[in-house]
Structure formats: structure tokens, C-alpha cells
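Peer 1:
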Amino acid sequence: MGGLQRLREVVCSLLPRATETMAAAFFTSRRLLVAVATLALCAASSAVAARSRVLLADPPADKPNATALFLSEHNEARAAVGVAPLKWSSRLAGEASRLMRYQRDKKGCEFADLSSINYGANQAWSSYVAGPAEVVESWVEEKQYYNHSSNTCAGNHDCGTYTQVVWRKTLELGCAQVTCGKRDAGPALTLCYYFPHGNVQGQSPY
């Protein structure tokens, strides 16, 4: 327990100020720092659920064509459960980009407050410039905690970022990433918008 507490203190000293909508982070055994938050918008309720997680892994090499990578990683996860691919939305990407630039310039690169948006959304914060594929993979990793037959998450785990990625009724995707350090260095903040939004109470993602 002492080692875990020390790791928590080190990690928390690196993270930007958390918003009030973020839940407690948890730790895995990999070696990179990424915090992830998701917004679940419910058609039957105005309640907003946000989640965060901390992952550890090695920084990836630079990868070209972010749009194609965001889209292909999402569609690979969707194909695995028999869900039709998403289409890229320049409108969603533009709105995500504007919000990310605002968070960088005015909010110290902390997570955005997504309580008033009309889209589904997944966010990620990384201590370096994490590639699009790695960011999406960190959301899809929640699949291991999702039970499709009961449409529930395993106890003490979140899976809302994953279910938004594979939500059958979602048709469009748009993502943006900003770097918050000097000379395009980390940390970095990433946001993906989804339309129509997923994570509707009482519905299964697929």
C-alpha cells in the first residue's frame, strides 16, 4: 500500500487541476501517464457522469494523419462487436478544436466542463503528446470491464468511454488535440465528440 500511495502522490502532482465533474483516478501496471475522462449524456435524464483514469505506458513515436488514426481506431473497436463504422465530421472536429484551444489558453490545459454540450464526448490528458491510436486504445481498454449480457460495468470500474466508442446509434466522430508545453511538447489534451451521443440510460450500446 505504501508504494501505491507514493505513486498516487507523484502522479497527482503531474496532473492538471481536476474539474468538479471528474471521479477518482485509478492505476494500472503500465508505464506512461494518461488521464481519461468521459461524459455520458442521458436522454431520459439531465444527469452528467464523468470518469477519469490513469494509465502507464511508454511514449509512442510520432504518427502522421491524426484524422485517419482517430477514425480507424474507433472503427476497429466497432467492427469487433459488429457495429457499423463512424464517419468523420469536420464540424465536430472544429468544435472540439475550439474548446481544446480554450482549455489550453485559458484553463491551464485542465479537463473541459462538458455538462452543457449536446454530443457524446471522451477526453484524455497525457503528460506527453500521446498519439491518437494510443488515446483511443486507452478508452477501448475499458471493454474488459463491460458485460454486454447485463449491460453493466464490473464493480469499481468504469466502461463509459468504451460504450461511447462502440455505441451503435452514434454515426459521426470529430476529435482534436492540443499540446500545452513549449515547442509542441507535452502535456497534451485530447477530446473526441460523438453524434448522436451514446450512453443513454436503459439502452445497450449494441
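Okay, so the sequence shown: first residue is 1 according to UniProt numbering, each after it adds one.
Think of the CB as a built atom: it goes at the ideal place given N, C-alpha and C, for glycine as much as any other residue.
#1: For the beta strand (DSSP E) containing VAL178, name the first residue and the last one.
#2: Count the CB pairs spanning the segment 123 to 134 and the segment 143 to 151 that are closer than 8 angstroms, and state whether there are at least three.
#3: Relative to the alpha-carbon of ALA176, which residue among ASN118, VAL135, GLN164 has its alpha-carbon at the smallest distance?
#4: Based on Cα-Cα distance, which residue from VAL178, ALA77, TRP88 lies nearest to ASP105?
#5: Exposed or buried, which one is GLU78 when buried takes at least 16 other CB atoms within 10 Å?
#6: Let me know the secondary structure DSSP gives GLN123 once reduced to three states.
#7: Just verifying my parser: in three-state terms, what is the DSSP assignment at ALA188?
#8: Is LYS87 helix, strand or coil when you go by DSSP?
#9: Could you spell out the range, first to last residue, of the alpha helix (DSSP H) harbouring LEU71?
#10: Does the pairing of the segment 151 to 168 with the segment 93 to 112 give three or more beta-carbon distances under 8 angstroms?
#11: Roughly how many angstroms lie between the CA atoms of ASN75 and GLY202, to the nearest whole one?
#12: Around the Cβ of GLN5, are there at least 16 other Cβ atoms within 10 angstroms (buried) or fewer (exposed)?
#13: For the segment 106 to 126 against the segment 180 to 199, are there 3 or more C-beta pairs whose distance is under 8 angstroms?
#14: Assuming ASN199 and GLY160 form a contact by the criterion Cβ under 8 angstroms, report the distance between their Cβ atoms to the nearest whole angstrom.
#15: Locate the alpha helix (DSSP H) running through TRP139, then write down its first and last residues.
#16: Kindly indicate which residue of CYS109, TRP167, HIS197 has the alpha-carbon position closest to the one of GLY181.
#17: Within this structure, are the beta carbons of LEU71 and LEU171 separated by less than 8 angstroms?
Peer 2: In brief:
#1: Counting from one through the sequence shown, the residue named residue 178 turns up at place 178. Where VAL178 is concerned, the enclosing beta strand (DSSP E) stretches over 172 to 179.
#2: The answer is no - the segment 143 to 151 does not touch the segment 123 to 134, with fewer than three Cβ pairs under 8 angstroms.
#3: Locating residue 176 in the sequence shown gives position 176, where the first residue counts as 1. Here the closest residue by C-alpha is VAL135.
#4: Walking along the sequence shown from the start, residue 105 turns up at place 105. Minimum Cα-Cα distance from ASP105 among the listed residues VAL178, ALA77, TRP88 corresponds to VAL178.
#5: Here residue 78 refers to the residue found at position 78 when the sequence shown is read from its first residue. Correcting the residue type first, residue 78 is Arg in the shown sequence and not Glu. By the neighbour-count criterion, in which 16 or more other beta carbons inside 10 Å mark a residue as buried, ARG78 falls on the buried side.
#6: Here the question's residue 123 lines up with position 123 in the sequence shown. Assignment of GLN123 by DSSP, reduced to helix, strand and coil, places it in the strand class.
#7: Reading the sequence shown from its first residue, position 188 is the one you call residue 188. It is a strand residue.
#8: In the sequence shown, residue 87 corresponds to position 87, counting from 1. Collapsing the DSSP output to three states places LYS87 in a strand.
#9: Here residue 71 corresponds to residue number 71 of the sequence shown, with the count starting at 1. Here the alpha helix (DSSP H) through LEU71 covers 66 to 79.
#10: Segment contact: the segment 151 to 168 against the segment 93 to 112, fewer than three CB-CB distances shorter than 8 angstroms; contact not assigned.
#11: As a first step, residue 75 is located in the sequence shown; it is residue number 75 there, counting from the start. As a first step, residue 202 is located in the sequence shown; it is residue number 202 there, counting from the start. In this structure, the straight-line span from the alpha carbon of ASN75 to that of GLY202 is close to 24 angstroms.
#12: Numbered from 1 along the sequence shown, position 5 holds the residue referred to as residue 5. Here the model assigns GLN5 a pLDDT of 41, short of 50, so the residue's position is not dependable, and the following value carries that caveat. Exposed, by the Cβ-count rule.
#13: Between the segment 106 to 126 and the segment 180 to 199, the count of C-beta pairs closer than 8 angstroms reaches three or more; the two stretches touch.
#14: The residue labelled residue 199 in the question sits at position 199 within the sequence shown. The residue labelled residue 160 in the question sits at position 160 within the sequence shown. ASN199 to GLY160, Cβ: 6 angstroms. Contact.
#15: Within the sequence shown, residue 139 is the residue found at index 139, counting from 1. According to the DSSP assignment, TRP139 belongs to the alpha helix (DSSP H) that extends over 132 to 140.
#16: In the sequence shown, residue 181 corresponds to position 181, counting from 1. The residue among CYS109, TRP167, HIS197 with its C-alpha nearest the C-alpha of GLY181 is CYS109.
#17: Indexing the sequence shown from 1 puts residue 71 at position 71. Indexing the sequence shown from 1 puts residue 171 at position 171. Going by C-beta atoms, LEU71 is not nearer than 8 angstroms to LEU171.
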